[in-house]
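Undergrad:
Chains as they are written, first to last, in our numbering: chain A, 1 to 259; chain B, 260 to 777.
This is how it looks when you write it as structure tokens:
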């Protein structure tokens, strides 16, 4: 387990809001501490991905404040981007490039010095089991392999905040284990990870803290034990806890609207 | 209608094609639809006008066509057929390699040959419709001037289109067998591009060699050509007579075309499934455990780069590896070869090379850089990666524009160098024109950018007719400006104003400006 700095936030979100045809994120407050693995859970359309996309600068919030390691991500987006990485469930890679060329490209975008990029690239491709495919074009790789290439790209510039949207989609058990190990190693080096997932088993075993989001609001947050407490105690699984928290929030919302 | 049957698949394909067409043609907003409707009417009238100018009144064609007329019509048919074949080869390649719904259908218990049979018929209909659309103004003018017998050209062209599709399927099947699925895709795309251009270019070379000019019509109408052509009652002209409305040749052509297409469907529709699977397998190959590659060579690809350099290098690597782009580049160069050849032959005879080659180079480069800009801007495969990088949007655009401009100049540099040796002033004018036309095309692509997969570049022109139209007008106007500057005409300012006005109008109507105004 990594050392978590209790008072230092890697990501600090205050009163974040975004409305499309209905509110997607509605006054969200959320903090991820340095060295922490934070998992954001929520039903489909709850606002998880919208939140993360606003943090990464892919969406402009209607209101609110986002700080990444004390850098104001809205006032200084380039400064914030320099220290974070975004990985979506659809690998953002180029079919016609090889993994080595892809890492070289990403390193170039983040201005990583050649020697450093080469060492990190070699380590990442090795640790993610991509070395035999290093000179093969990405179009020839399986979905899981492509996902790992994208992860290597996200890590090659050594981000301090790693933002992952469903990173385990398409990965086999062995690959998922490798990815988890790589992420844990990053946490030990002082990074922070915020991740969305529908695989509750992964959340249960990986997360230091879990946030549950519903209708764009954070309805519960804490360690698994704390969430169990909020859901009524006992030794319930995260799946039961999650469903219970969502159901009680629906009840409250229903009572408030009189439905 | 039985689910999974031929008619069921036909209905499925028709529904998809119809909705696709509706989205492209109708669902673009009222204002654009109005522009589109006016544009279509104007274009139809213009094409008929051009056809009436191009076609001389040939009243003797029906009763007793001359050898000269037969040579001319046959050459036009040959050119049309090579274009149809090229288009059909492109369509068959897509049928093999575009995944889309193929995996769903191939994994279902329905025999896949039914789908492919329907798709071959759909290709035949598409190629036929496009050919008729292009030929219609000429057929209509001929019918108006020479009588209703020329209406037979419609079914004759349809027959030629079906034959082209049948031939394309045969060629593709042979290529799959001979060179395998991995190489077939690339080679078929390049071959399709070359086939589409080769007849026209061949005729131009023949015209230059025999008559010393690029005028293909003059070459076809020359006394030597007429002298060597078979007599009008020869069987050689059967196809030409079919187009001209003679019942027996027309009936034979249609019969032969339908039989050919039917035979191809019966023989090869069932093989499309395994071919498509083989094509898909290429995209999911596995790495060989090459100890040298894994231990020594694989990490040697890193370089010291700024974000701008990284973006430019990435764009160039992707452009170099794009088979469509390579085939298009090849075609651009092929089309320029006759002009360059003529220039070379005529250099000593005092003809001004600038007026000949400068506008050709600028028009071609404008179109070419428009395609490159689309790939670099709209066809970005990892837009979120770029957006989340610590690089400003302006720097990204600058790097992409540089990639496009350098790519364009690199492709056209052999011609610029040749021109430099012959006429340095003309070379300089051409270079400036290429850069300006390229910059305009890139700007238009940037203002009208719409994220799409790179593979959809073939539909770039249909997706936004406004960009296609403004890009073409701008590059043609810059070409005219450069040619007039090279020739020393002060009126060069007129096409320059037209070009600037077109680019300005494109900016005023662009979604990028509307977004900025919000």
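Ideal Cβ placement from N, Cα and C applies to all residues, glycine included.
1. Return the first residue and the last residue of the alpha helix (DSSP H) that residue 345(B) is part of.
2. Could you tell me whether the segment 415-425 of chain B touches the segment 335-352 of chain B, where touching means 3 or more Cβ pairs closer than 8 Å?
3. Against chain B, with Cβ distances strictly below 8 Å, would residue 81(A) count as a contact?
4. As a quick exercise: from 135(A), 251(A), 69(A) and 22(A), pick the residue whose alpha carbon is nearest that of residue 47(A).
5. Does the beta carbon of residue 640(B) come closer than 8 Å to any beta carbon on chain A?
6. Would residue 701(B) pass as a contact of residue 733(B) if the rule is Cβ separation under 8 Å?
7. Let me confirm a value: residue 84(A) is counted as buried when at least 16 other C-beta atoms fall within 10 Å, else exposed. Which label applies?
8. Mind reading off the beta-carbon distance from residue 561(B) to residue 118(A)? Whole number of angstroms is fine, and I expect it under 8 Å.
9. Tell me whether the segment 568-584 of chain B and the segment 652-669 of chain B touch, counting them as touching only if at least three CB pairs, one residue from each stretch, are closer than 8 Å.
10. Under 7 Å Cβ to Cβ from residue 414(B), same chain only, skipping five residues before and after it: list those, please.
11. Quick one: is residue 401(B) buried, meaning 16 or more other Cβ sit within 10 Å of its Cβ, or exposed?
12. Beta-carbon within less than 8 Å of residue 236(A)'s beta-carbon, same chain only, minus the 5 sequence neighbours each way: which residues are those?
13. In chain B, what lies closer than 8 Å to residue 58(A) by C-beta?
14. In three-state DSSP terms, what is residue 587(B)?
15. Pick helix, strand or coil for residue 86(A), following the three-state DSSP scheme.
16. Output the boundary residues of the beta strand (DSSP E) element that contains residue 102(A).
17. Which chain B residues are close to residue 241(A), counting only those with a beta carbon under 8 Å from its beta carbon?
18. On the CB-based measure, 16 or more other CB atoms within 10 Å of its CB, does residue 713(B) come out buried or exposed?
19. Considering only C-alpha positions, which residue in the set 767(B), 506(B) and 429(B) is nearest to residue 411(B)?
20. Report buried or exposed for residue 710(B), applying the criterion of at least 16 other Cβ atoms within 10 angstroms of its Cβ.
21. Give the residues of chain B in contact with residue 111(A), contact being defined as C-beta atoms less than 8 Å apart.
22. Buried or exposed: residue 279(B), going by 16 or more other Cβ atoms within 10 Å of its Cβ?
23. Only counting the same chain, and skipping five residues up and downstream in sequence, which positions put a Cβ closer than 8 Å to that of residue 688(B)?
24. Candidates 123(A), 171(A) and 159(A): which alpha carbon is nearest residue 145(A)'s?
25. The alpha helix (DSSP H) spanning residue 672(B) covers which residue range?
26. What residues in the segment 94-111 of chain A bring their beta carbon closer than 8 Å to a beta carbon of chain B?
27. Answer yes if the segment 115-132 of chain A comes into contact with the segment 60-67 of chain A, meaning at least three C-beta pairs across the two stretches below 8 Å, and no otherwise.
28. Looking only at its chain, what residues have a beta carbon closer than 6 Å to the beta carbon of residue 531(B), apart from the 5 residues adjacent to it on each side?
29. Could you work out which residues of chain E lie near residue 576(B), taking near to mean beta carbons separated by less than 9 Å?
30. Using the three-state DSSP reduction, which class does residue 413(B) fall into: helix, strand or coil?
31. Since residue 481(B) is in the alpha helix (DSSP H), which residue starts that stretch and which ends it?
32. Give a yes or no on contact between the segment 29-49 of chain A and the segment 110-127 of chain A, applying the rule of three or more CB pairs nearer than 8 Å.
33. Out of curiosity, what's the CA-to-CA distance linking residue 266(B) and residue 281(B)?
34. In the structure shown, what three-state DSSP assignment does residue 15(A) receive?
35. In whole angstroms, give me the CA-to-CA distance for residue 87(A) and residue 335(B).
TA: By the coordinates alone:
1. The residue you call residue 345(B) lines up with position 86 of the second chain. Per DSSP, the continuous alpha helix (DSSP H) segment holding residue 345(B) begins and ends at 326-356.
2. Touching, yes, given that three or more Cβ pairs across the two stretches are closer than 8 Å.
3. Position 81 of the first chain holds residue 81(A). Yes, because at least one Cβ of chain B sits closer than 8 Å to the Cβ of residue 81(A).
4. Start at 1 with the first residue of the first chain, and residue 47(A) comes out as number 47. The residue from 135(A), 251(A), 69(A) and 22(A) with its alpha-carbon nearest to that of residue 47(A) is 22(A).
5. Here residue 640(B) corresponds to residue number 381 of the second chain, with the count starting at 1. Closer than 8 Å to some Cβ of chain A, the Cβ of residue 640(B) qualifies, so yes.
6. The residue given as residue 701(B) occupies position 442 in the second chain. The residue given as residue 733(B) occupies position 474 in the second chain. No, the Cβ-Cβ distance between residue 701(B) and residue 733(B) is not below 8 Å.
7. Looking up residue 84(A) in the first chain gives position 84. Classification for residue 84(A): buried.
8. Locating residue 561(B) in the second chain gives position 302, counting from the first residue. Locating residue 118(A) in the first chain gives position 118, counting from the first residue. A Cβ-Cβ separation of about 4 Å places residue 561(B) in contact with residue 118(A) under the 8 Å criterion.
9. Enough Cβ pairs lie closer than 8 Å, so yes.
10. Locating residue 414(B) in the second chain gives position 155, counting from the first residue. Residues of the same chain with a CB within less than 7 Å of the CB of residue 414(B), apart from the 5 flanking positions on each side, are 509 and 513 in chain order.
11. Locating residue 401(B) in the second chain gives position 142, counting from the first residue. With 16 or more other Cβ atoms within 10 Å, it is buried.
12. Counting from one through the first chain, the residue named residue 236(A) turns up at place 236. Contacts found: 228 and 244.
13. As a first step, residue 58(A) must be located in the first chain, where it is residue number 58. Within 8 Å Cβ-Cβ: 643, 646 and 647.
14. Position 328 of the second chain, counted from the start, is the residue given in the question as residue 587(B). Helix at residue 587(B).
15. Residue numbering aside, residue 86(A) sits at position 86 when the first chain is read from its first letter. Residue 86(A): strand per DSSP, three-state reduction.
16. In the first chain, counting from the first residue as 1, residue 102(A) sits at position 102. Per DSSP, residue 102(A) belongs to no beta strand (DSSP E); it is in the alpha helix (DSSP H), 99-109.
17. Numbered from 1 along the first chain, position 241 holds the residue referred to as residue 241(A). None at all; the shortest Cβ gap to chain B is about 32 Å.
18. Sequence index remark: in the second chain, residue 713(B) carries index 454 (1-based). The residue in question, residue 713(B), is buried, as its Cβ has 16 or more Cβ neighbours within 10 Å.
19. Residue 411(B) sits at position 152 when you count from the first residue of the second chain. Per the Cα distances, 506(B).
20. By one-based count along the second chain, residue 710(B) stands at place 451. With fewer than 16 Cβ atoms within 10 Å of its Cβ, residue 710(B) is classed as exposed.
21. Taking the first chain and counting its residues from 1, one reaches residue 111(A) at position 111. Identification of chain B residues near residue 111(A) by a Cβ-Cβ cut-off of 8 Å yields 565, 566 and 649, ordered along the chain.
22. Stepping through the second chain from its first residue, residue 279(B) is reached at position 20. Exposed, by the Cβ-count rule.
23. Here residue 688(B) refers to the residue found at position 429 when the second chain is read from its first residue. In chain order, 613, 617, 741, 744 and 745 place their CB closer than 8 Å to the CB of residue 688(B), counting only its own chain and leaving out the 5 sequence neighbours on each side.
24. Here the question's residue 145(A) lines up with position 145 in the first chain. Measuring C-alpha to C-alpha distances from residue 145(A) to each of 123(A), 171(A) and 159(A) identifies 171(A) as the nearest.
25. As a first step, residue 672(B) is located in the second chain; it is residue number 413 there, counting from the start. Note, residue 672(B): alpha helix (DSSP H), 652-681.
26. For chain B, the residues of the segment 94-111 of chain A that bring a beta carbon within less than 8 Å of one of its beta carbons are 94, 95, 96, 97, 98, 100, 101, 103, 104, 105, 106, 107, 108, 109, 110 and 111, in chain order.
27. No, the segment 60-67 of chain A is not in contact with the segment 115-132 of chain A.
28. Here residue 531(B) is taken as the residue at index 272 of the second chain, counted from 1. The answer, listed in chain order, is 375.
29. Absent from the structure is chain E; the protein chains it does hold are A and B.
30. Looking up residue 413(B) in the second chain gives position 154. Residue 413(B) falls in the helix class under three-state DSSP.
31. As a working mapping, residue 481(B) is identified with position 222 in the second chain. Run containing residue 481(B): none; DSSP gives neither H nor E here.
32. No: the two stretches stay apart, fewer than three of their Cβ pairs being nearer than 8 Å.
33. Residue mapping note: residue 266(B) aligns to position 7 of the second chain, counting from 1. Residue mapping note: residue 281(B) aligns to position 22 of the second chain, counting from 1. In this structure, the straight-line span from the alpha carbon of residue 266(B) to that of residue 281(B) is close to 22 Å.
34. Here residue 15(A) refers to the residue found at position 15 of the first chain. Note: residue 15(A) maps to strand in three-state DSSP.
35. Numbered from 1 along the first chain, position 87 holds the residue referred to as residue 87(A). Numbered from 1 along the second chain, position 76 holds the residue referred to as residue 335(B). Their Cα atoms are separated by approximately 55 Å.
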